[in-house]
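Protein chains in written order, with the numbering used here: chain A, 800 to 1040; chain B, 4 to 250.
Don't be surprised by glycine CBs; every beta carbon is placed ideally from N, CA and C.
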Amino acid sequence: MKREKPQLIINGRRLDGRAPQDLRPIKIEVGVLKNADGSAIVEIGNTKVLAAVYGPREVVPKHQEQIDRAIIRCRYRMLSFSTPGERKSPAPSRREIELSKVIREALEPAILSYQFPRTAIDIYVEVINADGGTRTAGITAASLALADAGIPMLDLVAAVAVGKVNGVIVLDLNEVEDMYGEADMPVAAMPSLKRVTMLQLNGVLTPDEFRQALALALDGINRIYQLQKEALRRKYVEASE
Amino acid sequence: MLPNASTVIKRTIAVPGDVIVVDKDTDVEGSNLYKIDENRYVVTSISIQDLEQEGEKKKIRVIGLKGRYIPKEGDTVIGIVSDVSVTYWVIDIRSPYPAILNASDYLGRPFNPATENIRKFLEIGDVIIAKIAQFDRTRPPLLSVQDKGYGKVTEGLLIEIEPSKVGRVIGKKRSMLNMLIEETKCDFVVGANGRILLKCPNSELEYIAILAIKKIEEEAHTLGLTERIREFILSEKVKRGLIKYEA
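See the structure below:
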């Protein structure tokens, strides 16, 4: 199936015209759903992800509850029309179950779950349009939805992927770069506390390349983090005008 | 706003992850803060952050804007009966923890389920005003109605707002609530869980009171709210022909 590998970087520019250290255009909106306690929609290039948070609320089924903290449940899902070409089956795939866990574990260090023992916090991440970087967009959206729901958090979590494409370290890979690149490394972090909450690496990087890639990722995360905070504040500034 | 010892110099919106640095001239107050080290705090939820001047000292006050209601002992809450057991009712108080009201407490005497039917007193859907008698997060909160003003609600209008904005509806030293009572002639019972019970002389005033409370909820984070709401109520009254326009 795999076709001839395309030339991904021409004259120092990527296929969509970006420089290696550029992010795709980002659009963030908070509080988009009325029924959810908190919600956010994040668009990074062509990737579009909606996140909704409910809770803290009663745990159903009861046996799942923890006596010392809130349990956090996360479901990542790609809608059937989110991918190009063949329709994606709506049944949860192996990949979706794994990403649900990855997103949950990236957010857990930020949530002060011990403040609400015997409750549940539910996070739903729905990918509306997929073009690479859905897990990182999912984390970015989910942390905003958590903040919008008023759930106490140490910091917002922002995430971005870095990778190696045609031997160049690039920031924020899209679908094509992810598919044909040599390496893909999603990173999530809490910038104020300078803590990394998720780091995965798919492919091969030398130790030097890894350091370079991580620095680039953290730089990208900082930029997304500022946009996140701006979007959260905007909701209230607009209301007062 | 009532004259107060402290004045707000600056109001900003704080979001999770904002770091507040304090020095020896600055105090910090707020329940949604996390201490990182000796003089650095991180804000944990969307809040308003006020910088206040109190004589020589400065004070940073952080007040949360969103979040579920967490029961606190002594709070007055307005609940809705959601389930009936043999000797107690399960009450929905808009918190993650459903509350319990014992029949013996409600009746103020021993209750024998063998001779009496509990459903005679309260049914599912009934509204009660109660006090949180006991809560320690290990067991469901226990309610009590053994005090003046508590018990079953038979008339009035119930509205719901964000629980974290209840403080604004009451205001500093009850300023907002007193203004509302004065201007709308309605009777207000404000539950700490964000439910408000209204009893009004007529439907026009009732409607104005609802609009005013919804406006308070929307603009809870702005300064000088009490005066603006007073003007809003006046303009609504003029619009409805309840009073004549006064310059």
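- Identification of chain A residues near residue 35(B) by a Cβ-Cβ cut-off of 7 Å yields 951, ordered along the chain.
- In the structure shown, residue 238(B) falls within a helical segment according to DSSP collapsed to helix, strand and coil.
- Only buried fits residue 138(B), as 16 or more other CB atoms lie within 10 angstroms of its CB.
- Using a Cβ-Cβ distance cut-off of 8 Å, the region 908-927 of chain A and the region 850-867 of chain A are in contact, since at least three pairs of beta carbons, one from each stretch, lie closer than that value.
- For the region 69-82 of chain B, the beta-carbon criterion of a distance under 8 Å to any beta-carbon of chain A is satisfied by 69, 70, 71 and 73.
- Residue contact with chain A for residue 12(B): absent (no Cβ-Cβ distance below 8 Å to any residue of chain A).
- At a cut-off of 8 Å between beta carbons, residue 192(B) makes no contact with chain A.
- Non-local C-beta neighbours of residue 179(B) in its own chain, meaning closer than 8 Å and more than five positions away in sequence, comprise 171, 172, 173, 219, 228, 229 and 232, ordered along the chain.
- If you draw a straight line from the Cα of residue 934(A) to the Cα of residue 813(A), it comes to about 22 Å.
- As the crow flies, the alpha-carbon of residue 930(A) is around 18 Å from that of residue 808(A).
- Secondary structure note for residue 184(B): its alpha helix (DSSP H) is the uninterrupted segment 178-187.
- The beta carbon of residue 36(B) lies closer than 8 Å to those of 23, 44, 45, 46, 47 and 65 in the same chain, with the five residues before and after it left out.
- At least 8 Å separates the CB of residue 833(A) from every CB of chain B.
- Excluding residues up to 5 positions away in sequence, 42 lie with their Cβ nearer than 8 Å to the Cβ of residue 26(B) in the same chain.
- DSSP links residue 86(B) through a beta bridge to 93(B).
- Only 45, 47, 48 and 49 from the region 44-63 of chain B bring a Cβ to less than 7 Å from some Cβ of chain A.
- Setting aside the 5 residues that flank it on each side, residue 830(A) is surrounded in the same chain by 837, 838, 839, 947 and 1034, each with a C-beta closer than 8 Å to its C-beta; the list follows chain order.
- In the three-state reduction of the DSSP assignment, residue 838(A) falls in the strand class, which pools E and B.
- For the region 911-938 of chain A, the set of positions with a beta-carbon nearer than 9 Å to some beta-carbon of chain B reads 911, 914, 915, 916, 917, 918 and 919 in chain order.
- Ranked by Cα distance from residue 144(B), the options 122(B), 191(B) and 95(B) are led by 95(B).
- Contact check for residue 941(A) against residue 896(A) fails: the beta carbons are separated by 8 Å or more.
- About 6 Å separates the Cβ atoms of residue 972(A) and residue 932(A), confirming a contact at the 8 Å cut-off.
- Short of 8 Å from the beta carbon of residue 888(A), and not among the five residues preceding or following it, lie these beta carbons of its own chain, in chain order: 879.
- Taking 8 Å as the CB threshold, residue 101(B) lines the interface with chain A.
- Sequence-ordered contacts of the region 17-34 of chain B with chain A read 18, 19, 20 and 22 [C-beta pairs closer than 7 Å].
- For residue 164(B), same chain residues with a beta-carbon under 6 Å away, outside a window of 5 residues either side, are 197 and 220 in chain order.
- Of all alpha-carbon atoms in 953(A), 891(A), 915(A) and 822(A), the one lying nearest the alpha-carbon of residue 959(A) is that of 822(A).
- Contact annotation, residue 875(A) with residue 937(A): C-beta distance approximately 6 Å; criterion of less than 8 Å satisfied.
- Shown in chain order are the members of the region 153-177 of chain B whose Cβ falls below 8 Å from a Cβ of chain A: 167.
- Short of 7 Å from the beta carbon of residue 928(A), and not among the five residues preceding or following it, lie these beta carbons of its own chain, in chain order: 845, 846, 847 and 881.
- Secondary structure at residue 65(B): strand, using DSSP grouped into helix, strand and coil.
- Residue 19(B) is positioned such that its CB atom lies closer than 8 Å to that of residue 952(A).
- Below the 7 Å Cβ cutoff, chain A contributes 949 as neighbours of residue 67(B), in chain order.
- Using a Cβ-Cβ cut-off of 8 Å, residue 140(B) is close to 916 and 917 of chain A, given in chain order.
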